[in-house]
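Peer 1: Going down the list, the sequences are from chains A and B. The C-terminal residue of the first sequence carries number 448 in the working numbering, and the numbering is unbroken. The C-terminal residue of the second sequence carries number 896 in the working numbering, and the numbering is unbroken. By construction, the Cβ of each residue, glycine as well, lies at the ideal position given by its N, Cα and C atoms. The structure presented is a predicted model; accordingly, all values stated were derived computationally and were not measured.
There are 2 protein chains.
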Amino acid sequence: MDFVVIGGDAAGMSAASRAKRNRPDMNVIVLEKTMDVSYSACGMPYNIADPARDLNDLVVRQAEVFREKQGITLLTAHHVEGIDRKGRNVRGTTDAGAYFEFSYDKLLIATGARAVKPDLPGVDRPGVMVLKNLEEGRRIKDYIRDRKVKKAVIIGMGYIALEMSEALVNRGIETTLVKSRPGLLPWMAQELSAEVKAELEANGVGMYPGNPVKRIEETSGSGLKVVCEGLDLFCDMVILAVGVTPNSEFSGEAGIDLGAGKAISVDKRLMTSDPHIYAAGDCADAIHVVTGKKAWIPLALRANRAGWAVADNVCGKNVELEGIAGTAVFKVFDLEVAKTGLNAGEAAAAGFEPVSAVVSTRSRAHGHPGNTTLHLCMVGDKKSGRLLGLQMVGKEGAAHRINAAAVALHAKMRVEKFAQSDLAYAPPFGPVWDPMLTAANQLQKDLE
Amino acid sequence: MDFVVIGGDAAGMSAASRAKRNRPDMNVIVLEKTMDVSYSACGMPYNIADPARDLNDLVVRQAEVFREKQGITLLTAHHVEGIDRKGRNVRGTTDAGAYFEFSYDKLLIATGARAVKPDLPGVDRPGVMVLKNLEEGRRIKDYIRDRKVKKAVIIGMGYIALEMSEALVNRGIETTLVKSRPGLLPWMAQELSAEVKAELEANGVGMYPGNPVKRIEETSGSGLKVVCEGLDLFCDMVILAVGVTPNSEFSGEAGIDLGAGKAISVDKRLMTSDPHIYAAGDCADAIHVVTGKKAWIPLALRANRAGWAVADNVCGKNVELEGIAGTAVFKVFDLEVAKTGLNAGEAAAAGFEPVSAVVSTRSRAHGHPGNTTLHLCMVGDKKSGRLLGLQMVGKEGAAHRINAAAVALHAKMRVEKFAQSDLAYAPPFGPVWDPMLTAANQLQKDLE
Chain A
1 MDFVVIGGDA AGMSAASRAK RNRPDMNVIV LEKTMDVSYS ACGMPYNIAD
51 PARDLNDLVV RQAEVFREKQ GITLLTAHHV EGIDRKGRNV RGTTDAGAYF
101 EFSYDKLLIA TGARAVKPDL PGVDRPGVMV LKNLEEGRRI KDYIRDRKVK
151 KAVIIGMGYI ALEMSEALVN RGIETTLVKS RPGLLPWMAQ ELSAEVKAEL
201 EANGVGMYPG NPVKRIEETS GSGLKVVCEG LDLFCDMVIL AVGVTPNSEF
251 SGEAGIDLGA GKAISVDKRL MTSDPHIYAA GDCADAIHVV TGKKAWIPLA
301 LRANRAGWAV ADNVCGKNVE LEGIAGTAVF KVFDLEVAKT GLNAGEAAAA
351 GFEPVSAVVS TRSRAHGHPG NTTLHLCMVG DKKSGRLLGL QMVGKEGAAH
401 RINAAAVALH AKMRVEKFAQ SDLAYAPPFG PVWDPMLTAA NQLQKDLE
Chain B
449 MDFVVIGGDA AGMSAASRAK RNRPDMNVIV LEKTMDVSYS ACGMPYNIAD
499 PARDLNDLVV RQAEVFREKQ GITLLTAHHV EGIDRKGRNV RGTTDAGAYF
549 EFSYDKLLIA TGARAVKPDL PGVDRPGVMV LKNLEEGRRI KDYIRDRKVK
599 KAVIIGMGYI ALEMSEALVN RGIETTLVKS RPGLLPWMAQ ELSAEVKAEL
649 EANGVGMYPG NPVKRIEETS GSGLKVVCEG LDLFCDMVIL AVGVTPNSEF
699 SGEAGIDLGA GKAISVDKRL MTSDPHIYAA GDCADAIHVV TGKKAWIPLA
749 LRANRAGWAV ADNVCGKNVE LEGIAGTAVF KVFDLEVAKT GLNAGEAAAA
799 GFEPVSAVVS TRSRAHGHPG NTTLHLCMVG DKKSGRLLGL QMVGKEGAAH
849 RINAAAVALH AKMRVEKFAQ SDLAYAPPFG PVWDPMLTAA NQLQKDLE
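#1: Could you pull the start and end residues of the alpha helix (DSSP H) that residue 446/A belongs to?
#2: Which runs of the alpha helix (DSSP H), 4 residues or longer, sit entirely within the stretch 292-339 of chain A?
#3: In chain order, what are the residue ranges of uninterrupted beta strand (DSSP E) at least 3 long that sit wholly in the stretch 605-669 of chain B?
#4: Which residues in the same chain have their Cβ closer than 6 angstroms to the Cβ of residue 582/B, if we skip the five residues on either side of it in sequence?
#5: In this structure, how does DSSP classify residue 549/B when only helix, strand and coil are distinguished?
#6: From residue 418/A to residue 290/A, what does the alpha carbon distance come to, in whole angstroms?
#7: Would you call the stretch 164-181 of chain A and the stretch 269-280 of chain A touching, i.e. three or more CB-CB distances under 8 angstroms?
#8: Are there three or more Cβ pairs, one per stretch, closer than 8 angstroms when the stretch 247-259 of chain A is compared with the stretch 102-121 of chain A?
#9: Leaving out five residues on either side along the sequence, give the residues of the same chain with a beta carbon under 8 angstroms from the beta carbon of residue 82/A.
#10: Taking only three categories from DSSP, how would you classify residue 851/B?
#11: Give the straight-line distance between the Cα atoms of residue 731/B and residue 493/B, rounded to the nearest whole angstrom.
#12: For chain A, find out if any of its Cβ atoms is closer than 8 angstroms to the Cβ of residue 876/B; answer yes or no.
#13: Rounded to whole angstroms, what is the Cα-Cα separation between residue 435/A and residue 354/A?
#14: Can you tell me whether residue 687/B is helix, strand or coil according to DSSP?
#15: Is the separation between the beta-carbon of residue 66/A and that of residue 74/A shorter than 8 angstroms?
#16: Consult DSSP for residue 818/B and reduce its assignment to one of helix, strand or coil.
#17: Tell me the residue span of the alpha helix (DSSP H) that contains residue 462/B.
#18: Could you run through the stretch 322-338 of chain A and flag, in chain order, every residue whose CB is less than 8 angstroms away from some CB of chain B?
#19: State the Cα-Cα distance for the pair residue 237/A and residue 832/B, rounded to the nearest angstrom.
#20: Could you pull out every unbroken alpha helix (DSSP H) segment of at least 4 residues lying fully inside the stretch 100-160 of chain A, listed in chain order?
#21: Quickly, what does DSSP pair residue 707/B with across the bridge? List them, please.
#22: For residue 567/B, is the classification buried or exposed, using 16 other Cβ atoms within 10 angstroms of its Cβ as the cut-off for buried?
#23: Looking at the structure shown, is residue 416/A part of a helix, part of a strand, or coil, going by DSSP?
#24: Check distances from the C-beta atoms of the stretch 845-863 of chain B to those of chain A and list, in chain order, the residues that come in under 7 angstroms.
#25: Which term fits residue 677/B, buried or exposed, when burial requires 16 or more other beta carbons within 10 angstroms of its beta carbon?
#26: Find the residues of chain B that neighbour residue 498/A, judging by a C-beta separation of less than 9 angstroms, and give them in chain order.
#27: From residue 765/B to residue 854/B, what does the alpha carbon distance come to, in whole angstroms?
#28: Let's see if you can read the secondary structure: which residues bound the beta strand (DSSP E) around residue 32/A?
#29: Quick one: is residue 726/B near chain A, going by C-beta distance under 8 angstroms?
#30: Once the 5 residues before and after residue 782/B are set aside, which same chain residues still bring their CB inside 8 angstroms of it?
#31: Can you tell me whether residue 879/B is buried or exposed, with buried defined as 16 or more other CB within 10 angstroms of its CB?
#32: Do we get a CB-CB distance below 8 angstroms when we pair residue 301/A with the residues of chain B?
#33: Could you say if the stretch 93-101 of chain A and the stretch 213-228 of chain A meet the contact criterion of at least three C-beta pairs nearer than 8 angstroms?
#34: Using a Cβ-Cβ cut-off of 6 angstroms (strictly less than) and excluding sequence neighbours within five positions of residue 159/A, which residues of its own chain qualify?
#35: Rounded to whole angstroms, what's the CA-CA distance from residue 717/B to residue 441/A? Just pull it up for me.
#36: Thinking C-beta only, is residue 373/A closer than 8 angstroms to residue 364/A?
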């Protein structure tokens, strides 16, 4: 059997490896458009922060290992340009300009997502860069070194923008965030996003939300000027971090159904509207376990898990994935920011009747040294009593705690039941009533 | 209505406060045998570790606040000695020798537990102490200061013993642990307890498991000698930490049913075998959510939660507690040790067919600086596929992660479903596949 995989990062290589492990006789072909496979894209901001580290440290497994040890036909610099679903083959061009064509019995589209380039004059100037794949990471890191970057502007204020602001500040670069729409992290409860704002301010990061960017100009020196409404920002480097979009164009052109966020629509088995074609990773959608509806939330764990599931399904097992809860965590300087499930706005849009409880608790027991404050916003449904989501911000205790709420969302737990959970307590790690229980107790009162 | 509470710590004061809040007209009387109420007993080792801190820092709310602000009749130095269930009154003696008697409409027994004093010659010598209540904590802290303790022996190797060994080492006291039975933390998977052993060794703590203690003698100087089989240990102070036992004697004598571990048997509403009498906290048992059977696992969260539930039930609400999962966490020097649910032995004893997966993973993403190793042992049931328990040991990421598994136990999740959880990922906080998912994936294979 010929199993062709388009895309050689998390989902693609997870699928290829597992398929070959499941069925060593299978002909597994991976077509990757860049020169890089199987790397930790999420690690790029932390790597860029440290000039002594090689960006290639982020490669989890070298292409040679896949080729020589695992027997996978792994072809880099292969740009797929089209799928002939009737003839069951994919075609494209290599970096060297050669045409290629591969036929498949089963196909996996794992083309990922790419950074959105806003439609602004000047986005193609040297020094204006995006960060999604490893090559883009190299370009930024090299640029910082070669141009001795002293000032940077990041357009966008999502978590990649925030992680990059930390990385750049850690390299001594004066960093300013700007975005067109108002509000820092508008998906977050205001009490919590205020903590993030304070942390960024404390670390000297400039913030200009609500200042639409009009163009990027070159200055008379060798610098750049980001021209915004009512504001000019001067810098040596601009990072565009306004969001990502799925690489689903040739899939759509081939007549494969697209769904949420123009991602490729897949069922629980990761099958697309064509039963010979699967999709996984950042290019594919998923079922949200809270709403039961399709959502596009491209994250690494889902990509890896979906890659495995595709391999199993291609090999004749029948594996269904339950879905995603939208669990995410990131670090902003000394703050941990975590979320799972829905915020109140998303919950209302999904037809729930959301009630939120916002609480602040100590991160350690009464009287224990080193206490900091943990801020939580828990959302429940007035009608059913169900837990719908949780957000947490604090210097400690947010990143790993969020998992308990994520599991509760998978179990479709009511707030009342979650509040009964026997959670861990010891003075160095939290108060007797875990902060999540304090939030749940409060929310339960509001739900009654 | 007269609501009498015996015992003024976590369960008792939680109940008294909430009852008075629920029904300000209620006559709430608390009878506490010591002079201390409402303190964080779990914080004692950390307080003792710091000579600059006052032990009274651990008092969460002063007696005066309960009396004056909350209108609770709080009587310290009142030893209850008996309950007349027919006449509905309790009787006892004060520290000053006065007899007292109070009648009740509803009674809460929240007498807690006490440290077991082993039946050994010499356990009553000066310098031989236990640690459970605040007065005992003061005695130890004062003794260390007054006698300038240089060497200590702790009899027992449970988590109180381990926390105290850290506290004493932090005060520059040479510390040795000894116990009669073999094995450090025998309830823990051997691969995990080996990590704890290595951490204690690295911090210079002596360990002698499997050396039955025969007696404690005074030496010709002012020191003590702990005489064990095949071993004499010389020191200035001995701490007995061989376990705790519920203070249930006068309850048993009054004909109230005792259950697991001689704790007072209660139903989901915390009611004892006498419908006018409730019990909560370390003196009462609970339903274990994994086995569905009664268990006695005295921990602080349950005490607080049960106190609230009693208050609500006494006030006419009908609150049922689901039960406990046996979730616990403690710190041993730089290690976090966490558990929830059953180990393989407990699972087999409860009628399950346990299968264990032991895995070691990185604590952070591939290539992220500061990586340490996290060790996990996950237990599932071969017959039902249910998740039964999890243990974790590592320098970071164990204490809060365990809560996700605890919630899964409350939800009676199968390992297969838990393995599908959408857990949080960011490079500073863990690998893409959360360590618990790696364990669940491994366990799932073994369960198939």
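Peer 2: Considering the structure as presented:
#1: 435-447
#2: Runs found: 300-314.
#3: 622-626, 654-656 and 661-666
#4: 484 and 487
#5: Note: residue 549/B maps to strand in three-state DSSP.
#6: 15 angstroms
#7: Taking 8 angstroms as the limit for Cβ pairs, the verdict is that the stretch 269-280 of chain A does not touch the stretch 164-181 of chain A.
#8: yes
#9: A distance below 8 angstroms between beta-carbons, with the five flanking residues on each side excluded, links residue 82/A to the following residues of its chain, in chain order: 90, 91, 92, 250, 253 and 254.
#10: Per DSSP, reduced to three states, the secondary structure at residue 851/B is helical.
#11: 22 angstroms
#12: yes
#13: 20 angstroms
#14: strand
#15: yes
#16: Of the three classes helix, strand and coil, the one that applies to residue 818/B here is coil, per DSSP.
#17: 458-470
#18: 322, 323, 324, 325, 326, 327, 328, 329, 330, 331, 336 and 338
#19: The C-alpha of residue 237/A lies about 58 angstroms from the C-alpha of residue 832/B.
#20: Taken in chain order, the complete alpha helix (DSSP H) segments of 4 or more residues contained in the stretch 100-160 of chain A are 134-146.
#21: According to DSSP, residue 707/B bridges with nothing at all.
#22: exposed
#23: helix
#24: Under the 7 angstroms Cβ criterion, the stretch 845-863 of chain B contributes 845, 847, 848, 849, 850, 851, 852, 854, 855, 856, 858, 859 and 861.
#25: exposed
#26: Given that chain A is displayed from residue 1 to residue 448, the structure contains no residue 498/A and the question cannot be resolved.
#27: Between the alpha carbons of residue 765/B and residue 854/B lies a distance of about 27 angstroms.
#28: Residue 32/A -> no beta strand (DSSP E), and no H or E assigned at all.
#29: no
#30: 647 and 843
#31: By the 10 Å Cβ count, residue 879/B comes out buried.
#32: With 8 angstroms as the cut-off, residue 301/A counts as an interface residue toward chain B.
#33: no
#34: 330
#35: 18 angstroms
#36: no
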